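In my numbering, the protein residues as written are 19 to 132.
Beta carbons: idealized from backbone N, C-alpha and C, even for Gly.
None of the values given here were measured: they were computed from a predicted structure.
To keep things clear, I will list the structure first and then write my remarks on it.
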């Protein structure tokens, strides 16, 4: 349960970082963080999120995904989010050394950013 709890905390941290960076960098509607029991990340013992970058049924979104510059922006925003997670949660980081906990309940859900 401790591993699951720690993984859920990390997942939520990464999801919030992605949401914050995408909202600031993309200037699109913030669809929020959805917590679901997604099969693709359900049993991960590491923090895990599922990110929907765009809907191909949306003509504008499909066009943007065709742009190398837009894909580079998406990749950079995701990479910055992972780097922020690592700086805060990786072994040897301030949070890790202090043993800080956010008090999230143990659960097997994961976060998705839309």
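- One alpha carbon belongs to residue 110, the other to residue 64, and they sit about 17 Å apart.
- Note: residue 32 is not bridge-paired with any residue in the DSSP secondary-structure output.
- Proximity to residue 73 across 100, 57, 55 and 47 peaks at 47, based on C-alpha coordinates.
- Rounded to whole angstroms, the Cβ separation of residue 33 and residue 67 is 5 Å, and the two are in contact under 8 Å.
- Shown here, residue 100 sits in a helix according to DSSP, grouped into three states.
- For residue 44, the three-state secondary structure derived from DSSP is helix.
- Beta bridge pairing from DSSP links residue 58 with no other residue.
- By the criterion of a C-beta distance shorter than 8 Å, residue 103 is surrounded in its chain by 28, 31, 32, 35 and 65, once the five residues flanking it on both sides are discounted.
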